[in-house]
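First comes the structure, then the notes that go with it.
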Amino acid sequence: MVDISVIIPVFNAEQFLRKSVQSVLQFEFIKEIILVDDYSTDNSLVICEELSRKYNKIKVYRHPAGHNKGASAARNFGIKMAKSEYLAFLDADDIYLPNRFGAEYNLLPNEYIDAVYGALGIHYHTENGLKNFRKMKKKELTTLAKYVAPQELKYVLVNMHTEFGGNNYFTLDTLTIKKSLVLAVGGFNENLRVGEDNEFNIKISIKGRLIPGIIDKPIALRGVHDNNTLLTRKPDPKHFVWSELEIWLQTNVENEEKLKYWISKEKDLSLFIIENERKSFLRKVRNMKSLILKHPVIFFNYTDFRRIVIKTLGKGLIIKSLLRIKELIINIFFKDVLTKQFNNYYFTRSEKQLPPNSKLISN
């Protein structure tokens with residue numbers, strides 16, 4: 001078996017980290033496990049150091065920037081420190097299954113193969129994780145529907161082959177790749193906080209020869225829980241996958257005009273969707289503003305306010321955002337108007353109940 005370094009970016013993963021690392025330790029041929037703590041605020045670093053004292057192949061680092069930089073930067077630093085010819089990746093709340101490297105035994109000795117990928121399954125750490133994930137995704141196996149030749153993979157990953165349908169892609173947890181190919185595409189894009197793995201996979205499919213391994217059953221499991229970034233992260237319109245890919249293609253890939261054209265159209269479509277979602281949200285907030293202005297007392301009653309937010313913005317809204325939405329409504333629309341209307345509304349009904357000289361709202 002070839003030498004493999006497994007890179008695990010770590011941020012606030014104290015609940016899952018030991019199990020994740022143990023899933024890698026089951027493979028004796030793994031040369032090293034690189035844990036890059038991204039300045040966790042829980043006990044993750046303590047656990048990393050504890051594991052490194054127990055197992056010689058575990059190495060612990062913190063990003064030299066001195067502060068949280070995100071998973072891409074953590075992976076890039078791990079890549080820099082890795083000593084093996086091949087790399088594999090794992091998120092700190094995910095696990096490898098016993099068949100994780102089953103295909104690599106036969107495929108990786110072939111010098112013409114740059115990487116092998118497989119299928120990812122799901123493990124639910126919490127009931128809320130289960131409910132939220134199933135709202136987002138219908139399939140619990142992340143994989144390609146059928147064998148794809150290396151020269152065609154890039155077109156499948158950018159949705160050009162419609163016969164494959166949607167959601168045909170692989171994930172980092174299932175990828176084993178030559179370090180030389182990772183360096184050839186510049187590692188992971190640190191501008192991206194959402195979709196950085198998909199962008200990376202498209203880049204390596206353009207520059208290298210990727211072969212499917214086990215794609216009909218999972219070789220690793222994604223851990224889904226209440227704080228999973230898959231459920232909480234939102235794209236930044238200034239830096240999202242298609243716009244970053246378009247820039248990269250201009251300077252790193254000759255020809256491939258059809259691919260460049262398609263990615264440009266995907267970028268335009270994504271921007272259109274983001275802008276319309278923003279307009280839709282603002283329109284809903286304006287509707288909520290009108291409702292609260294008619295009945296301002298509900299704004300100061302949490303139960304009523306929560307009910308109105310869910311009714312107006314939808315059940316998908318995270319309840320933790322309620323106070324932030326209050327602030328948004330106040331700052332953008334009607335702080336002064338609301339204050340005056342509420343004072344008029346409240347004092348005409350409750351003035352006698354207030355202590356002398358008390359003031360309900362200060363401008």
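Letter 316 of the sequence shown, counting from 1, is numbered 316 in full-length UniProt numbering, and no numbers are missing.
Even for Gly, the Cβ is constructed at its ideal location relative to N, Cα and C.
Closest by C-alpha distance to valine 116, out of Gly208, Pro9, Leu259 and Glu50, is Gly208. Boundaries of the alpha helix (DSSP H) around leucine 107: 104 to 107. Spanning the alpha carbons of methionine 1 and glutamate 104 requires a straight line of approximately 8 Å.
In terms of CA proximity to alanine 82, Gly187 leads the group Gly187, Gln26, Ala65 and Thr41. Inclusion of phenylalanine 77 and valine 10 in the CB contact set at 7 Å is not warranted, their separation being larger than that value.
If you look at isoleucine 247, you'll find it in the alpha helix (DSSP H) that goes 241 to 252. Straight-line measurement puts the Cα of alanine 65 at about 31 Å from the Cα of aspartate 114.
The shortest CA-to-CA distance from tyrosine 169 to any of Thr176, Leu157 and Glu196 is the one to Leu157.
The Cβ-Cβ distance between serine 72 and glutamate 190 falls below 7 Å. Lysine 59 is positioned such that its CB atom lies no closer than 7 Å to that of glutamate 28. The straight-line gap separating the alpha-carbon atoms of alanine 92 and phenylalanine 16 is approximately 7 Å. The beta carbon of glutamate 14 is closer than 7 Å to those of Asp42, Asn43, Ser44 and Ile47 in its chain, skipping five residues each way along the sequence. Judged by DSSP in its simplified three-state form, valine 158 adopts coil rather than helix or strand. Between the alpha carbons of valine 6 and serine 23 lies a gap of roughly 11 Å.
Between the alpha carbons of threonine 143 and leucine 120 lies a distance of about 7 Å. Taking the C-beta atoms as reference points, glycine 102 is found no nearer than 7 Å to isoleucine 247.
In terms of Cβ geometry, isoleucine 211 and threonine 174 do not form a close pair [threshold 7 Å]. Under the three-state reduction of DSSP, proline 218 is assigned to strand.
By alpha-carbon distance to asparagine 201, the top candidate from Lys217, Tyr155 and Gly223 is Tyr155. When the beta-carbon positions are compared, threonine 176 and alanine 88 come within less than 7 Å of each other.
Sequence-distant partners of isoleucine 206 (beyond 5 residues in either direction) whose C-beta falls short of 7 Å from its own C-beta, in its chain, are Lys154 and Val253.
Secondary structure note for phenylalanine 27: it is in no beta strand (DSSP E), with a DSSP letter that is neither H nor E. The Cβ neighbour count for arginine 53, taken over all protein chains shown within 10 Å, is under 16; the residue is labelled exposed. For a cut-off of 8 Å, the C-beta gap from isoleucine 95 to lysine 217 is around 15 Å, too long to register as a contact.
Of the candidates Val241, Tyr86 and Gln151, the residue whose Cα lies closest to the Cα of asparagine 110 is Tyr86. For leucine 51, no beta strand (DSSP E) run applies; the uninterrupted alpha helix (DSSP H) run containing it begins and ends at 44 to 54, by DSSP. Within the same chain, Trp242, Ser243 and Glu246 come within 6 Å of lysine 267 by CB-CB distance, once the 5 residues on both sides are set aside. Following the DSSP letters along the chain, one finds phenylalanine 200 inside the alpha helix (DSSP H) bounded by residues 196 to 207.
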